[in-house]
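Chains as they are written, first to last, in the working numbering: chain A, 774 to 1166; chain B, 14 to 443. A short worksheet on the structure shown next.
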Amino acid sequence: MSWELFRGASELAARAEEIYRDYRLTAVREWKKTSSGPAIGYMPIYVPRELLHAQGALSVGILGGGDDLEIIRGDAFYQSYICHIPRSTIELGLNGSLDCLDGMLFPAICDVIRNLSGIWRMQFPDKLVRYLDVPQNFDRDLGGAFYRRELEELSRELVEHRGKPYGENALRRSIATFNENRGVVRDLYALRRKEPWKVPTSELYCALRASLVVPVEESTPMLRRYLHLAEGASDRSPMDQARVVFTGSFCEQPPLGLIKSLERAGCYIVEDDFLQIHRFLRHDVSLEGDPLDNLVNAFLEDAIASPTRYIDRDEKGRDLLERVKTSGAEGVLFGAPSFCDPALLDQPMVVKALEREGVPWTAFKYSENGGQFQVIREQAGTFADSIKLWSES
Amino acid sequence: MTESPRREAQKDTSQLRQKEMLAEHFGRLARAEETGEKSAYTFVPGNLTELIRSFDLLPVLPEINALQSGMRGKSREYIAVAERLGHSEDVCTYVKSDIGMMKSGNVGPTGERLPSPSVLLLSYTGCFTFLKWFELLKEEYHCPIVMLHVPYQGDGKVTESMRTYVVDQLRRKVIPVLEEVSGRAYDEDRLKEALSLSAKAEDDLVWVLESAKNRPSPIDAYFGGVYYIGPMFSAFRGTEAAVEYYQSLRSEVEQRIAEGRGPLTPDGELENERYRVVVEGPPNWTSFREFWKMFADEGAVVVASTYTKVGGVYDTGFRHDPRHPLETLADYCMGCYTNLSLPQRVAMLARYVTDYRADGFLINSVKSCNSFSAGQLHILREVENRVGRPGGFIESDLVDPRYFSASNIKNRLESYFQMIEQKRSAGVGA
Chain A
774 MSWELFRGAS
784 ELAARAEEIY
794 RDYRLTAVRE
804 WKKTSSGPAI
814 GYMPIYVPRE
824 LLHAQGALSV
834 GILGGGDDLE
844 IIRGDAFYQS
854 YICHIPRSTI
864 ELGLNGSLDC
874 LDGMLFPAIC
884 DVIRNLSGIW
894 RMQFPDKLVR
904 YLDVPQNFDR
914 DLGGAFYRRE
924 LEELSRELVE
934 HRGKPYGENA
944 LRRSIATFNE
954 NRGVVRDLYA
964 LRRKEPWKVP
974 TSELYCALRA
984 SLVVPVEEST
994 PMLRRYLHLA
1004 EGASDRSPMD
1014 QARVVFTGSF
1024 CEQPPLGLIK
1034 SLERAGCYIV
1044 EDDFLQIHRF
1054 LRHDVSLEGD
1064 PLDNLVNAFL
1074 EDAIASPTRY
1084 IDRDEKGRDL
1094 LERVKTSGAE
1104 GVLFGAPSFC
1114 DPALLDQPMV
1124 VKALEREGVP
1134 WTAFKYSENG
1144 GQFQVIREQA
1154 GTFADSIKLW
1164 SES
Chain B
14 MTESPRREAQ
24 KDTSQLRQKE
34 MLAEHFGRLA
44 RAEETGEKSA
54 YTFVPGNLTE
64 LIRSFDLLPV
74 LPEINALQSG
84 MRGKSREYIA
94 VAERLGHSED
104 VCTYVKSDIG
114 MMKSGNVGPT
124 GERLPSPSVL
134 LLSYTGCFTF
144 LKWFELLKEE
154 YHCPIVMLHV
164 PYQGDGKVTE
174 SMRTYVVDQL
184 RRKVIPVLEE
194 VSGRAYDEDR
204 LKEALSLSAK
214 AEDDLVWVLE
224 SAKNRPSPID
234 AYFGGVYYIG
244 PMFSAFRGTE
254 AAVEYYQSLR
264 SEVEQRIAEG
274 RGPLTPDGEL
284 ENERYRVVVE
294 GPPNWTSFRE
304 FWKMFADEGA
314 VVVASTYTKV
324 GGVYDTGFRH
334 DPRHPLETLA
344 DYCMGCYTNL
354 SLPQRVAMLA
364 RYVTDYRADG
374 FLINSVKSCN
384 SFSAGQLHIL
394 REVENRVGRP
404 GGFIESDLVD
414 PRYFSASNIK
424 NRLESYFQMI
434 EQKRSAGVGA
């Protein structure tokens, strides 16, 4: 698709929304018509897409079924006290939406996603199914060595599923390709921090989410075009909104309607946890030396402080405080999916850090298929109003 | 069976002995500040008791404290304390009970105050929540913390890469911290000696658990089983006391088999074994006795359970091996039940139903524990398909009494046992 044809940021975001809401993954099916490699789905939060790309695979972000997927069989797999994303993902698997995928990766996020990998293995025995056990020890010679062996194993499995053999130069090129992609995402986040009225999060979200189902070669021009159109959107003027960080939503994604509701309630979301894979690594991955080691070291040493990563040396919440500061946020919205262990167990510790620094916050829970936002909208509106009152005083 | 739920629970000699062992252990912990003994807070699945004790550190297990708080009727208030501090109603109630207990003076199961930890030893086995739990404790205690990341058996096996990772962490991370905290050098001979004792006790534990293959079963391998695993899964693995306990328990069970007796329940001996079932999932602790009685009143005996494998799977042949001390600890950690993949769990349950000639299996799905619960409905169908015997599903929680609905569970159990009767009439069953 030629993204240059789009003349407005909203128009491009609308097309991106169509792409990500297309649960039949037409974009992936189209890619497969001209490619011999496998399409490999992955769950949030992080997988080394560069390695898949280098071996000729298309990595496809599977982030649940959202708010417009009817759950027919998925609920038969999960009790009411388990979050929503595994049931909608199973639904997508069983209703044939994911037939075009040759495999699925389940990164170590929590016990629910971990166990989903086992269900997947039993339901789809002919596909590549891998639980990607990322290390919680971040020493290069301990966790790093283990993670490298995990990636080598993944690489071998890709070859068994029509992937190309591993090659250092190919991986180096793929790292460069994704560095470029990450660079545009960083630029978009920088623009949103600077002029959030030009980059509504509800639009940015669509562009970033569509990026996870199209090839990176298409994603980068799309994001670049959106950046260009947003930068030039002179018809978008600043409004009297409160600048907030939205945190807690790194796995099951909030419905788009919820993001829109928060914006309408008077919040500029200037920092968030959505679709974290785009920003999981803070900087470009080095192109010098052994590229697989570089991927490993980036994971160990350059990743964000996700609640899915063990933190013992650093103070809990320091990263969030830093993000509040860098983004110029005036408050924090904790929005976690119901029954999300990593987010909800983290929250009391992070709240403590915010309170020590006097950063206002409020919290709510959501489900990816929630449709009623009135209560959250009122809560966020009151929060935004109170921030504005405080800042005036 | 006599119906007198309020009377004092009947106990085996082994249970009384275990009570003494626990009292002595908690007594030492209570006196630790005056005696100078140091403690390591750690977890049951993947516990490194032999290693901890080789440094003369006393293990403290927060999940055991939480379940004891549940059994003593204290968890409701502890959970409320934690929720008032901002902990979500959605998350693990073991964590909240522990946090609440700590905030209420850290009084342990025997009514004595527990010492603050000298070290937090996070062996992260089979449960993601452990990781967050110790991040929370780290905020409260200013002591060294060391983590052992134990890889999950996603592919249904332990690979050399996984073993190397765990052994390297033990050697280069865990042991140096324990040396520093305890002031003692790592003594491999001492560790090996303890591991030999572990293997002896493990032999007897397996024998006891497998005694349920007899008809009638001399034990209840779930409700009774949680007592049998007590010393092994808590602070005593690798000690002479544990070896003696399991020898004596085995003798007791041998005697029951010789006399053709069924298991002892808190309300008396179960005399008429009508149903043999396998149970998956942890028990509810706040209404433990009432829960057990629902089974016993129906003449139902649990002949095998997965919960009794949460602190180690021994009935597939694993024993701690003193010849390879760190490797064996690694294999132990990676082999605990909740570190197994779902296909492995399905296979284990199916094997239990067959090997123990069970009429069916029940899943007690607890709200708190995603490690156990996520996927159990799938397990239910898979096991039913494989063994052709009925599965039942009940829901409760570990230590939050708000999630134990006695009438609901009783109704489901009664329906389940009726279903077994119907299957029997139709000629299906063990």
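Glycine included, each C-beta is placed from N, C-alpha and C at the ideal position.
Which residues of the region 218-235 of chain B have a Cβ closer than 9 angstroms to any Cβ of chain A? Give them in chain order. none
For residue 16 of chain B, which three-state DSSP category applies? Caution is warranted here: a pLDDT of 46 is assigned to residue 16 of chain B, below 50, making its placement in the model unreliable, and the coordinate value is therefore given only provisionally. Reduced to three states, the DSSP call for residue 16 of chain B is coil.
Neighbourhood of residue 406 of chain B by C-beta distance below 8 angstroms, restricted to the same chain and skipping five residues each side: 375, 376, 378, 389, 390, 393, 425
Name the one or two DSSP bridge partners that residue 1020 of chain A has. A/1107
Anything in chain A within Cβ reach of residue 104 of chain B, meaning under 7 angstroms, just list it in chain order. 1114, 1117, 1118
Beta carbon of residue 1056 of chain A, beta carbon of residue 1075 of chain A: below 8 angstroms? yes
Determine the extent of the beta strand (DSSP E) in which residue 1040 of chain A is found, giving its start and end residues. 1040-1045
Let me confirm a value: residue 1166 of chain A is counted as buried when at least 16 other C-beta atoms fall within 10 Å, else exposed. Which label applies? Bear in mind that a pLDDT of 42 at residue 1166 of chain A, under 50, signals an unreliable position, so the number given afterwards is only what the model happens to contain. Residue 1166 of chain A should be labelled exposed.
Which residues in the same chain as residue 211 of chain B place their Cβ atom closer than 7 angstroms to its Cβ, once the five residues preceding and following it in sequence are excluded? 63, 250, 251, 333
Quick check on residue 318 of chain B: does DSSP put it in helix, strand or coil? strand
Could you please give the first and the last residue of the uninterrupted beta strand (DSSP E) stretch that includes residue 162 of chain B? 158-162
CB residue 74 of chain B to CB residue 195 of chain B, shorter than 8 angstroms? no
Given that a residue counts as buried once 16 or more other Cβ atoms are within 10 Å of its Cβ, and exposed if not, what is residue 15 of chain B? In this prediction, residue 15 of chain B scores a pLDDT of 44, lower than 50, which makes its location untrustworthy; no coordinate-derived value is stated.
Can you tell me whether residue 1070 of chain A is helix, strand or coil according to DSSP? helix
What residue from A/971, A/1024, A/984 has the CA that sits closest to residue 1001 of chain A's CA? A/971
Just by C-beta distance, which residues in the region 844-874 of chain A are closer than 8 angstroms to chain B? 849, 850, 851, 852, 854, 855, 859
Backbone CA spacing between residue 852 of chain A and residue 254 of chain B [nearest angstrom]: 42 angstroms
With a threshold of 16 other CB atoms inside 10 Å of the CB of residue 1082 of chain A, please say whether the residue is buried or exposed. buried
What are the uninterrupted segments assigned as alpha helix (DSSP H) that are 4 or more residues long and contained completely in the region 105-140 of chain B, given in chain order? 106-116
For a cutoff of 8 angstroms on Cβ pairs, would you count residue 954 of chain A as touching chain B? no
Length at least 3, wholly inside the region 404-432 of chain B: the beta strand (DSSP E) runs in chain order: 404-409
Below 8 angstroms between beta carbons: does that hold for residue 985 of chain A and residue 958 of chain A? no
Between the alpha carbons of residue 84 of chain B and residue 107 of chain B, how many angstroms are there, rounded? 12 angstroms
Within chain B, partners of residue 1089 of chain A - CB distance below 8 angstroms: 148, 152
For the beta strand (DSSP E) containing residue 1134 of chain A, list its first residue and its last residue. 1134-1139
For the region 255-266 of chain B and the region 285-298 of chain B, state whether three or more C-beta atom pairs, one from each stretch, are separated by less than 8 angstroms. no
Same chain only: Cβ atoms within 7 angstroms of residue 947 of chain A, ignoring 5 sequence neighbours per side: 823, 826, 827
Do residue 935 of chain A and residue 777 of chain A come within 8 angstroms of each other at the CB atom, strictly closer than that value? no
Distance, Cα to Cα, residue 159 of chain B vs residue 888 of chain A? 26 angstroms
Just verifying my parser: in three-state terms, what is the DSSP assignment at residue 53 of chain B? strand
Of all Cβ atoms in chain A, is any one closer than 8 angstroms to the Cβ of residue 164 of chain B? yes
Please determine if the region 1129-1144 of chain A and the region 898-914 of chain A are in contact, where contact requires at least 3 C-beta pairs separated by less than 8 angstroms. no
In chain order, what residues of the same chain lie with their CB nearer than 6 angstroms to the CB of residue 1153 of chain A, ignoring the 5 residues before and after it? 1035, 1038, 1040
Given residue 17 of chain B, which residues of its chain have a CB within under 6 angstroms of its CB, disregarding the five upstream and five downstream residues? Caution applies to residue 17 of chain B, whose pLDDT of 47 falls short of 50 and renders its modelled position unreliable; the model cannot decide the point.
Does any residue of chain A have a CB that is nearer than 8 angstroms to the CB of residue 307 of chain B? no
Going along the chain, which residues of its own chain have a beta-carbon closer than 8 angstroms to the beta-carbon of residue 118 of chain B, five neighbours each way excluded? 126
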